[in-house]
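> Just passing along the structure, written as structure tokens.
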Amino acid sequence: MTTGMLVVFAVVFAAFVLFITGYVRPDVTALLVLVALVVLNPWTNVSPAQALAGFSNEATITVLAMLILSDGVRRTGVIRRLAAWVSDRVGTSESKQRGAIVAIAGSSAGFVNDTPVVALLVPLVTDLARRGNTSPSKLLIPLSYAAMMGGTLTLIGTSTNLLASGLAENLLGQSLTMFQFTPVGLVVLVTGALYLYFVAPRLLPERIDPDENAAEANRIEGLITEVDVDDASPLVDRTPTDAFDDVEGDVEVLGIVRNRQSQTPEMIERIQAGDALIIRADSDTVAAVDDRFGLLSGKSADEIDEVDADDDQSVVEVVVPSGSAFAGETPTSARLAQRYDTALLAVRRGNSVIRKRLRDVELAVGDVLVLRTPEENVERLSNSRELVFVSEGGEESYREEKIPVALGILVGVVGLAGLGLLAIEIAALAGVVAMVLTGVLRPSELYEGVEWDVIFLLAGVIPLGIAMSNTGAANFIGALVAQSADFLPVIVVLGLFYVLTVILTNIISNNASVALMVPVGISAARSIGANPLAFVLIVMFAGSAAFLSPVGYQTNLFVYGPGGYEFTDYARVGAPLQVILTVVTTLGVALYFGV
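See the structure below:
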């Protein structure tokens, strides 16, 4: 083992630790890896040009363009319309609901990036579940898993496929084509769909009662009350932030009703006689407030939520999506109340509800925020790219008249790339230009649909594969793997690569695991005289098979909070599916592409 190999392995280990611990964001970790490889150039053999090659790599450019195209399709409302049409026909049958969700998510994710597909369908699924008296927990994991498997249908289904194709181009001199692995992807999707329909219902939990509203589901009923301020109240002339400093316990002023109009605390400089303060506190603290001021109105949370017919307040649930500026921030540092004129009532992280000292809670991707906001503000919230509605509280303005145009452009991109008339990245960029020229997208919206954390993650991990190849680290690991070929059939070695990649994907992320494993797989295949393309594909499929934890794939995190899941729920439902797909995918790749 050379010094260069040791240095690269050290960088990989450091990146692995950062990915697991989440001490820094994954995209920042990828950029740290990029910088480290250049700084350690004497040992890594990665030049500045090679380190920056990830930004110009066809995979990165294609992912960027496809995210914009996906956003254009989303803005037409076509997937929402399809889901609504189906939901009107499945009725209250849980099995029909689940089958429709799997079919829509699985088929859509093959051509539109899976993350926006799930983001769009989460509110529809939760609404469908509650109308059918079904727990959302029974439907949201199938939604995520179906979208993941659907992403394996085509080259553009997910960024993982495009990354594997880019690495294959660099290391093998051949990239993947649009429908090259579609037959295997279909087998994977159909197998997974049958599992989700017949087996998963017995394993899926019922974490959320379908009859609960947002306040009840997050156990905030009884924690919200109202304090009336009269002329003699000691609260007069205090600021909303320090009004209850002399009360033991955590009291937060959520809103102030003045002249029958609700306002946020930030809008009020001083409390006046005649004001009504809407506060959030636990039962002991509410008792302390009553003892100290004796001014509780006795209204329930539901009554408080109906302050004035002309100024209704709504309790809504939103989720923090991947790439949101709120991820890693506290509500205070993100200025949540000021930006959206809203009060934060609770944060649900999986099956846990956080209600105390919310201003100091560091928000994470997948968190569900329970917000109290004026009715007229709901639409503004629904149009935000930083938050996504869990329930159908907000109505976004869709450009439904552009549906034929958007679908035509998407079909054109797929057709041009599939027939080999244009390189996939050029076809995708041409599609972006076409969407702007036809009015499907406005120029100012081009940047809003891009998940920049994914772009920087891709650009940062691609040089890691180059370093492993340049230093011989990939060949070293491949040679070790090749030794197992002396007593194991090649198809078993192929299956082991699937298992190892799945483990990495569930621990770190899909793109990082693929960037690490593709070079190793190619080297191992060459060492044992196997088909390198088969090893690229097995790693690629495994990168879209994160069924064991919520952290391995973005869509899993996305449904984590809305479904009220516990961490172990993913393994309970996903472990049998993982075993089945290990066998099915390995056999599919081996039989269709040869080993």
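Residue 234 in the UniProt record's numbering is what sits at position 234 of the sequence shown, and the numbering runs on without skipping anything. Where a beta carbon is used, it is the ideal one built from N, C-alpha and C, also for glycine.
Would you report the Cα separation of Ala-129 and Ala-525, rounded to the nearest angstrom?
Each residue's Cα considered, the two are about 47 Å apart.
> Looking at Gly-366: is its Cβ nearer than 9 Å to the Cβ of Gly-561?
Yes, Cβ-Cβ distance for Gly-366 and Gly-561 is below 9 Å.
> Along the chain, where does the alpha helix (DSSP H) containing Ile-477 start, and where does it finish?
Start and end: 473 to 483.
> What residue from Thr-62, Asp-453, Ala-364 and Leu-31 has the CA that sits closest to Glu-425's CA?
Among Thr-62, Asp-453, Ala-364 and Leu-31, the Cα nearest to that of Glu-425 is on Thr-62.
> To test your reading of the DSSP string, which unbroken alpha helix (DSSP H) runs of 4 or more residues are found completely within the region 164 to 204?
Runs found: 182 to 198 and 200 to 203.
> Note down the Cα distance separating Arg-280 from Glu-376, rounded to an integer number of angstroms.
Each residue's Cα considered, the two are about 23 Å apart.
> Just to confirm, is the Cβ distance from Leu-82 to Ile-104 under 9 Å?
Contact: yes.
> Under 8 Å: do the region 503 to 516 and the region 5 to 25 share three or more Cβ pairs, one atom per stretch?
The region 503 to 516 is in contact with the region 5 to 25.
> Going by Cα to Cα distance, which pick from Pro-321, Glu-317, Ala-325 and Gly-350 is closest to Leu-344?
Taking only the C-alpha atoms, the option nearest Leu-344 is Glu-317.
> What would DSSP say about Leu-407, mapped onto helix, strand or coil?
Looking at Leu-407 - three-state DSSP - the assignment turns out to be helix.
> With a CB to CB cut of under 6 Å and the five nearest residues on each side skipped, what residues in its chain are close to Ile-354?
The answer, listed in chain order, is Val-347 and Val-361.
> Given a cut-off of 9 Å, decide if Asn-133 and Leu-67 are closer than it, judged by their beta-carbon atoms.
Cβ atoms of Leu-67 and Asn-133: not closer than 9 Å.
> Answer yes or no: the CB of Thr-586 versus the heavy atoms of the ligand HEM, is any distance below 8 Å?
This structure simply doesn't include the ligand HEM, nor any ligand for that matter.
> Starting from Phe-389, follow its DSSP beta bridges and name the residues at the other end.
Phe-389 pairs with Val-318.
> Going by DSSP, what residues sit across from Ile-354 in a beta bridge?
Val-347, per the DSSP bridge assignment.
> Out of Ala-571, Phe-558, Thr-582 and Gly-564, state which residue places its alpha-carbon closest to the alpha-carbon of Ser-144.
If we check each option's Cα against that of Ser-144, Phe-558 comes out closest.
> Taking its Cβ as the centre, do 16 or more other Cβ atoms sit within 10 Å of Asp-237, making it buried, or is it exposed?
The residue in question, Asp-237, is exposed, as its Cβ has fewer than 16 Cβ neighbours within 10 Å.
> Leaving aside the five residues before and after Val-450 along the sequence, list all residues of the same chain whose C-beta is less than 7 Å from its C-beta, in chain order.
Closer than 7 Å at Cβ, skipping near neighbours: Leu-64, Leu-67 and Ile-68.
> To the nearest whole angstrom, what separates the beta carbons of Ser-159 and Ser-175, a pair I think is in contact under 8 Å?
In fact, because the Cβ distance is near 15 Å, the residues do not count as touching under 8 Å.
> Can you list, in chain order, the residues of its chain with a C-beta nearer than 6 Å to that of Ala-325? Leave out the 5 residues immediately preceding and following it.
Excluding sequence neighbours, Ala-325 sits near Glu-386.
> Would you call the CB atoms of Ser-87 and Asp-127 closer than 9 Å?
Against a cut-off of 9 Å, the Cβ pair of Asp-127 and Ser-87 comes out as a contact.
> Using the Cβ count rule (16 or more neighbours within 10 Å means buried), how would you classify Ser-484?
Looking at its Cβ environment, which holds fewer than 16 other Cβ atoms inside 10 Å, Ser-484 is exposed.
> For a quick check, are the C-beta atoms of Val-514 and Leu-167 less than 9 Å apart?
Yes.
> Which one or two residues does DSSP pair with Thr-373 in a beta bridge?
Thr-373 pairs with Ser-314.
> With distances taken between CB atoms, is the gap from Pro-136 to Ile-208 smaller than 9 Å?
Contact: yes.
> When you compare only the Cα positions, how much space is there between Glu-448 and Phe-456?
For Glu-448 and Phe-456, the distance between alpha carbons rounds to 15 Å.
> Note down, in chain order, each residue of its chain lying with its Cβ closer than 6 Å to the Cβ of Gly-222, except the 5 sequence neighbours on either side.
A caution first: Gly-222 carries a pLDDT of 47, below 50, which makes its placement in the model too unreliable to give a value.
> Taking only runs that begin and end inside the region 82 to 157, name each unbroken alpha helix (DSSP H) of 4 or more residues, in chain order.
Runs of the alpha helix (DSSP H) inside the region 82 to 157: 94 to 108, 114 to 131 and 137 to 150.
> Go to residue 620, then tell me how far its beta strand (DSSP E) extends in each direction, as first and last residue.
No statement about residue 620 is possible, as the shown extent of the chain runs from 1 to 595 and does not include it.
> Going by C-alpha distance, which of Ala-430, Leu-186 and Leu-533 is nearest Leu-416?
Of the listed residues, the one whose Cα sits closest to Leu-416 is Ala-430.
> Looking at Leu-371: is its Cβ nearer than 9 Å to the Cβ of Leu-381?
Yes. Within cutoff.
> Ser-544: buried (16+ other C-beta within 10 angstroms of its C-beta) or exposed?
When all chains shown are included, Ser-544 counts as buried.
> Check the DSSP bridge columns for Arg-258 and list the partner residues they point to.
According to DSSP, which records beta bridges pairwise, Arg-258 is partnered with Gln-261.
> Once the 5 residues before and after Leu-172 are set aside, which same chain residues still bring their CB inside 8 Å of it?
Closer than 8 Å at the Cβ level, and outside the excluded window around Leu-172, lie Ile-522, Pro-532, Leu-533 and Val-536.
> If you run the structure through DSSP and keep just helix, strand and coil, what is Val-368?
Three-state DSSP puts Val-368 in a strand.
> Please work out which residues of its chain come closer than 6 Å, Cβ to Cβ, to Ala-309, disregarding the five sequence neighbours upstream and downstream, and give them in chain order.
Model confidence at Ala-309 stands at a pLDDT of 40, short of 50, so the residue's coordinates are unreliable; what they give is reported in the following sentence. If we look at Ala-309 and ignore the five residues flanking it on each side, it has no Cβ neighbours.
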